[in-house]
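Trainee: What follows is a structure written as structure tokens; I'll ask about it next.
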Amino acid sequence: MNKSPILSSRNKFLLGLMLLAALTRLFPHPFNFTPIGAIALFGGVYLRDRRLSILLPMAILFLSDILLQITFGNGFYKDMIFVYGSFALIAFGGSILRGHEQRQTIMVASLCSSILFFLVTNFGVWFSYNTYPATFQGLVSCYVAGIPFFKGTVMGDLFYNLTLFGTYFIVSRRFPSLVKVS
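Given below as structure tokens:
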């Protein structure tokens, strides 16, 4: 009887690692210093099924949004489609990075992910809320207002990418059978 690739020990390990990272969203943290961008990139790189590599980070984001909604009342928001869309694009980008997991490529991909998230989600804020005029100048103002939050995004993405990819690297060297591709 063949094991489903979704239930392989490798995918269980990857899922566990991503869920542990996602739980940190429930702890106090600086603005935008969250693991979701790193989870999307990491999932895109290591989950071999492209659909799963995009859907699993989305599911983890959704579950953590539910927990945030239940716990703090702020898990759902008007521009969610832009946030989820940016993470889907990051996961897709991770699948392109597959096979090129080196420190420098992961760092560049992490920074590109932060920039993508910044551009897409700030556009979403401008589009979804009446905070800024529906003009090009209003969009520019929205991007400018988002700059202070960008530092948290970059630092969070770098930290969590280092943590996720670093943990995977260490485990793959110490326990290769746990991460072996079936």
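Each residue of the sequence shown is one higher than the one before, counting from 9 in my numbering. Each residue gets a CB set at the ideal place from its N, CA and C atoms; glycine is no exception.
Among G146, D57 and Y54, whose alpha-carbon lies nearest the alpha-carbon of F135?
Mentor: In the sequence shown, the residue the question calls residue 135 occupies position 127. Nearest C-alpha to F135: G146.
Trainee: Could you tell me whether the Cβ atoms of N40 and G160 are closer together than 7 Å?
Mentor: For the purposes of this step, residue 40 is taken as residue 32 along the sequence shown, with counting starting at 1. For the purposes of this step, residue 160 is taken as residue 152 along the sequence shown, with counting starting at 1. Yes. Within cutoff.
Trainee: Looking only at its own chain, which residues have a Cβ that is under 8 Å from the Cβ of V189, when we skip the five neighbours before and after it?
Mentor: Within the sequence shown, residue 189 is the residue found at index 181, counting from 1. Around V189: R18 and R56.
Trainee: Candidates F144, V128 and L49: which alpha carbon is nearest G102's?
Mentor: As a position in the sequence shown, residue 102 is number 94, starting the count at 1. When only C-alpha atoms are compared, the closest one is L49.
Trainee: Where do the N-terminal and C-terminal ends of the alpha helix (DSSP H) with G45 fall, by residue?
Mentor: In the sequence shown, counting from the first residue as 1, residue 45 sits at position 37. Counting along the chain, the alpha helix (DSSP H) containing G45 begins and ends at I44 to Y54.
Trainee: I need the straight-line Cα distance from L119 to F125, nearest angstrom please.
Mentor: Position 111 of the sequence shown holds residue 119. Position 117 of the sequence shown holds residue 125. If I take the Cα positions, the gap works out to 10 Å.
Trainee: Determine the burial state of Y137: buried for a count of at least 16 other Cβ atoms within 10 Å of its Cβ, exposed for fewer.
Mentor: Residue mapping note: residue 137 aligns to position 129 of the sequence shown, counting from 1. Exposed.
Trainee: Buried or exposed: which applies to T113, given that a residue is buried once 16 or more other Cβ atoms fall within 10 Å of its Cβ?
Mentor: Residue numbering aside, residue 113 sits at position 105 when the sequence shown is read from its first letter. So T113 ends up on the exposed side.
Trainee: Using the Cα positions of M115 and T175, report the straight-line distance between them to the nearest angstrom.
Mentor: Taking the sequence shown and counting its residues from 1, the one referred to as residue 115 is at position 107. Taking the sequence shown and counting its residues from 1, the one referred to as residue 175 is at position 167. Looking at the two C-alpha atoms, the distance is approximately 15 Å.
Trainee: Three Cβ pairs or more, each shorter than 8 Å: is that satisfied between the stretch 22 to 31 and the stretch 139 to 153?
Mentor: No, the stretch 22 to 31 is not in contact with the stretch 139 to 153.
Trainee: Report, in whole angstroms, the separation of the C-beta atoms of E109 and F167, which I expect to be a contact under 8 Å.
Mentor: On the sequence shown, position 101 is the one that residue 109 refers to. On the sequence shown, position 159 is the one that residue 167 refers to. Rounded, the Cβ-Cβ distance is 17 Å, inconsistent with contact.
Trainee: On a Cα-Cα basis, can you pick out the residue from V53, L34 and M88 that is closest to L75?
Mentor: Position 67 of the sequence shown holds residue 75. Checking every option, the nearest Cα to that of L75 belongs to L34.
Trainee: Please list the segments of the alpha helix (DSSP H) lying wholly inside the stretch 47 to 102, counting only runs of 4 or more residues, in order along the chain.
Mentor: The stretch 47 to 102 contains these whole alpha helix (DSSP H) runs: 58 to 80.
Trainee: Does A153 come out as helix, strand or coil in the three-state DSSP assignment?
Mentor: Along the sequence shown, read from residue 1 onward, the residue named residue 153 stands at position 145. Residue state, collapsed to three classes: helix.
Trainee: Using only alpha-carbon positions, find the residue among R181, Y54, T79 and F131 that is nearest to K20.
Mentor: To locate residue 20, count along the sequence shown from 1; it is residue 12. Out of R181, Y54, T79 and F131, Y54 has the C-alpha closest to the C-alpha of K20.
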